[in-house]
Amino acid sequence: MGLQGKSVLCIDDDQDFLILVKKILENVGMHVQTSLNLGDAMVVLSEMNPDVILLDLNLEFESGKRLLKLKKRHPSLSKIPIMVCSGENKKETVEKVIALGGNGYILKPIKQTHLIHSLRRIFQGNERPVYKFENQKPPVKVSINSNLLLLSETKCVVRSSLKMNEGQALDMESDLFKEENINFEKLVALKQSQPSTNGLFDTTLSLVGLSEDEIRRIKNLKSSWSTNER
Amino acid sequence: MKGKIKVLVLDDDTELEALLNAKLKSKMFDLTFCTKIKDFSLKYFNESWDLCLIDLNLEEAPEAGFHVLNMVRAKEKKYTPIIMISQDGEKEKIAHAIECGADDYVTKPIDFDILHTKIGQLSKLAGSELECLKSQLIPSDYRAIRVEASFNVISISEDEFLLMSNSYLSKGTIVQLSGEVIEQVFLNDSISLEVIRTETDRGLYKIGLGLDNEADYISNVRTFLREKLEST
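Top to bottom, those sequences are chains A and B. The numbering of the first sequence is our numbering, which starts it at 1 and goes up by one. The numbering of the second sequence is our numbering, which starts it at 1001 and goes up by one.
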């Protein structure tokens, strides 16, 4: 796993250190951005998503730990690995950094080879293995909470976050149908789902395969509901 | 509406023929009746129809309608919606007809409001003009339901369970997954995950469900991945 082409943001209050690290990492083909403090770093981060952050723990007026805490809360930041760089070699400090979500710890003064190896290790760990189903894509049942809005003897309208095409089939679990012992054979979308609000869609589904008795029960339900409305 | 709905009927019950003629033969329908299977299949395959009505029980043979249904669905090049008609309203019969490829089933004596609406729903030509049945608003106690659709799994990593479907699912939806592959990966009957991304790919949707790296199930996912990746 090469570092070439990868981007890094180095945050350190020591200008000389930044110059040194920039030189080392640019030599292996990395794109290097630098910041002297967290405020400056946040501005850089709002404009770019580096592949990795190299973070000094003891900044001039603040602790680098603050960025680790921010990482936990911000989804955009949480994907970026952070390598902590510090002169502190206390075991507790290292443990604290890892517990806060740091992806690695390098002791200052840094050695060139050590820095490069550590960064490589981060990217290796980051390349999560993916298993692809090549030929047969196994079926899976996807069940979601939805709402039943309307009902007639031949169809119903469902509001859900599922947008269906005409002719697609669906299954439904409903207390109403259970209580009334209404067992359709299939529910088929009569046309493409229509967008409602907040990422929801209304789908008109045909109730296929109802018996005469079941249709009568729906008829009775409808009339009882309409009387209640009045 | 663009034109008359062409309906081909297979039925040897003269009473029903008279009834259909009286109730359906309006400006909207063009009805053609056959009493023999041979005659029906000739007409079915040589002409274009918007919909067919087939009586399950014919004098030629009891439950001959199933045979006709199977034959038509096996041979046809152009799909035509079929509604089965029968005296027999047993659920097993209805289920069998749907399994054989019927689009719906109505029982005798025919409720013509239902038949009109079903023809309207099934034939592409007709629209709401044939809608005779009012939909009623569901009382709030009964609104909460669960719907279930079938998707396919494309890939699995520690971060994402990737599905494919011709249905779209909105980001942020919590879905419950079940099926054989879920048992294999999570060692559990079902699992709840959140949709983290949806993208289109050649007319289909790729739907990414996020996996939580701190959840109890993640060790099972890792074991599954290790075993699968080692064997390939």
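We treat Cβ as the ideally placed atom computed from N, Cα and C, and that holds for glycine. Remember, it's a predicted structure, so these values are computed and weren't measured experimentally.
Can you check whether the C-beta of B:F1186 is within less than 8 Å of a C-beta belonging to chain A? Judged by the 8 Å Cβ criterion, B:F1186 is not in contact with chain A.
Leaving aside the five residues before and after A:H31 along the sequence, list all residues of the same chain whose C-beta is less than 6 Å from its C-beta, in chain order. These residues qualify, in order along the chain: S7.
Can you give me the C-alpha to C-alpha distance between B:V1072 and B:I1196, rounded to a whole angstrom? Those two C-alpha atoms are separated by around 44 Å.
Compute the Euclidean distance between the alpha carbons of B:I1094 and B:I1083, then round it to the nearest angstrom. The straight-line gap from Cα to Cα measures roughly 11 Å.
C-beta neighbour in chain A for B:M1001, strict 8 Å: Only weak support exists for where B:M1001 lies, its pLDDT of 49 falling under 50; the value from the coordinates is given anyway. Not closer than 8 Å to any Cβ of chain A, the Cβ of B:M1001 fails to qualify, so no.
What's the call for A:H74, buried or exposed, on a 16-neighbour Cβ count within 10 Å? Exposed: under 16 other Cβ atoms inside 10 Å.
Proximal chain B residues relative to A:E95, where beta-carbon distance stays under 9 Å: A:E95 does not reach chain B, its nearest Cβ partner there being about 18 Å away, counting only Cβ pairs nearer than 9 Å.
Would you decide whether A:R159 is buried or exposed? Buried here means 16 or more other CB atoms lie within 10 Å of its CB. Its Cβ being crowded by 16 or more others within 10 Å, A:R159 is buried.
Name, please, each residue of chain B whose Cβ falls closer than 8 Å to the Cβ of A:D202. Ordered by position in chain B, no residue passes the 8 Å Cβ test against A:D202, which lies about 12 Å from the chain.
Boundaries (first-last residue) of the alpha helix (DSSP H) holding A:R66: Segment 65 to 73, the alpha helix (DSSP H) holding A:R66.
Determine the extent of the alpha helix (DSSP H) in which B:N1046 is found, giving its start and end residues. That run of the alpha helix (DSSP H) goes 1037 to 1046.
Chain B contact for A:Q192 (CB, 8 Å cutoff): Not one chain B Cβ lies under 8 Å of A:Q192.
Does the contact criterion of 3 or more C-beta pairs under 8 Å hold for the segment 1103 to 1113 of chain B versus the segment 104 to 124 of chain A? Proximity of the segment 1103 to 1113 of chain B to the segment 104 to 124 of chain A falls short of the contact definition, fewer than three beta-carbon pairs being nearer than 8 Å.
Can you list the residues of chain C that B:Y1044 reaches, using a CB-CB cut of under 7 Å? Reference to chain C is not applicable here, since the protein chains of this structure are A and B.
Going by beta carbon distance, what residues of the same chain come within less than 8 Å of B:E1194, once the five residues before and after it are set aside? The residues are G1172, T1173, I1174, V1175, L1209, G1210.
Which of the three DSSP states, helix, strand or coil, is assigned to A:V130? Three-state result, A:V130: strand.
Using 8 Å as the threshold, is the segment 35 to 54 of chain A in touch with the segment 66 to 86 of chain A, meaning 3 or more CB pairs across them? Taking 8 Å as the limit for Cβ pairs, the verdict is that the segment 66 to 86 of chain A does touch the segment 35 to 54 of chain A.
Between which two residues does the beta strand (DSSP E) holding B:E1148 run? Under the DSSP assignment, B:E1148 falls in the beta strand (DSSP E) whose first and last residues are 1144 to 1157.
Between A:C10 and the rest of its own chain, which residues show a CB-CB distance below 6 Å, the 5 nearest in sequence each way excluded? Result list for A:C10: L18, V21, T34, L54, in chain order.
Going along the segment 165 to 178 of chain A in order, which residues come within less than 7 Å of chain B, judged by CB to CB distance? Answer set for the segment 165 to 178 of chain A: N165, Q168, L170, D171, M172, E173, S174, D175, L176.
Along chain B, which residues have their Cβ under 7 Å away from the Cβ of A:T154? What A:T154 touches in chain B: I1114, T1117, K1118, Q1121, L1133.
Measuring straight from C-alpha to C-alpha, what distance separates B:M1001 and A:L45? Unreliable placement is indicated for B:M1001, whose pLDDT of 49 sits below 50; the coordinate value is still reported in the next sentence. Answer to the nearest angstrom: the Cα atoms are 59 Å apart.
What residue range is occupied by the uninterrupted alpha helix (DSSP H) comprising B:Q1233? Outside the displayed range of chain B (1001 to 1232) lies residue 1233 of chain B, so it cannot be described from this structure.
Using the rule of at least 16 other Cβ atoms within 10 Å of the residue's Cβ for burial, across every protein chain shown, is B:D1111 buried or exposed? So B:D1111 ends up on the buried side.
Does any residue of chain A bring its CB to less than 8 Å from the CB of B:M1028? No, B:M1028 does not count as interfacial toward chain A.
Strictly under 8 Å for the Cβ-Cβ distance: is B:S1157 near chain A by that measure? For B:S1157, at least one C-beta of chain A is nearer than 8 Å to its own C-beta.
Would B:K1085 and B:L1053 be called neighbours here (beta carbons separated by less than 8 Å)? Sequence inspection shows Ile at residue 1085 of chain B; the Lys mentioned does not correspond to that position. B:L1053 is positioned such that its CB atom lies closer than 8 Å to that of B:I1085.
Cβ-based burial, B:S1219 [other Cβ within 10 Å; buried from 16]: Sixteen is the threshold: since fewer than 16 other Cβ atoms of the shown chains lie within 10 Å of the Cβ of B:S1219, the residue is exposed.
Three-state secondary structure (DSSP) of A:R216: Note: A:R216 maps to helix in three-state DSSP.
Going by beta-carbon coordinates alone, are B:K1006 and B:D1050 separated by less than 8 Å? Yes; because the gap between Cβ atoms is below 8 Å, this pair is in contact.
Give the secondary structure of A:T203 by DSSP, where H, G and I count as helix, E and B as strand, and everything else as coil. A:T203 sits in a strand when the DSSP states are folded into three classes.
What are the residues that DSSP puts in a beta bridge with B:T1198? Within the DSSP secondary-structure output, B:T1198 pairs in a beta bridge with B:I1207.
List the whole-angstrom C-beta distance separating B:L1162 from B:S1155, where the pair is believed to meet the contact cut-off of C-beta under 8 Å. About 5 Å; that satisfies the 8 Å criterion.
Three-state secondary structure (DSSP) at A:Q124? Helix at A:Q124.
Reference A:E185, options B:C1100, B:A1061, B:S1026, B:Y1079, closest by Cα: Per the Cα distances, B:C1100.
Can you tell me which of the three DSSP states A:G167 falls into? Of the three classes helix, strand and coil, the one that applies to A:G167 here is coil, per DSSP.
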